[in-house]
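Asker: Following this message is one structure expressed as C-alpha cells.
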Amino acid sequence: MPAIEIKTGEAMNKRPTNHPGKPSVLSVVRLVLSLCALATTSVAAILWNPIDADFINRTDNAGWDETMLLRHQIHG
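Here the sequence shown is numbered in numbering that gives the first Met the number 0, starting from 0 and rising by one per residue.
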C-alpha cells in the first residue's frame, strides 16, 4: 500500500499578516467594547448608591420592618 502524501498548495500557506506596529481591526474592536462595558458598569455602580439610599428611605417612611432589607442596606 503506497504512503499517502499530503501536499499543501500555495493558497494554504498564505495567511494574512499584520503590518508591524499596527494592531488588527479585531483587537481594536475588542478594546472598544471592553472600554464601553467598563464605562457602563462604572456608571451603573455610581448611580446605584442613590437608588439604594432612596429605597432605604422609602422603607423607613412606610414603616416596614428592617428585617426585609438586605444586609448592606441596613443602616445603623
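Note that beta-carbon positions come from the ideal geometry of N, C-alpha and C, so glycine has one too.
Could you check whether GLN72 and ASP51 sit closer than 8 Å to each other, using their CB atoms as the reference points?
Answerer: Yes, they are a contact pair.
Asker: Indicate the three-state DSSP secondary structure (helix, strand or coil) for PRO22 in the structure shown.
Answerer: PRO22: coil per DSSP, three-state reduction.
Asker: For ILE55, name the three-state secondary structure that DSSP assigns.
Answerer: Here ILE55 sits in helix by DSSP.
Asker: Express the C-alpha separation of LEU37 and ALA44 in angstroms, rounding to a whole number.
Answerer: The alpha-carbon atoms of ALA44 and LEU37 are separated by roughly 11 Å.
Asker: Within its chain, find whatever has a CB closer than 8 Å to the CB of SER41; leave out the 5 residues flanking it on each side and keep chain order.
Answerer: Contacts found: none.
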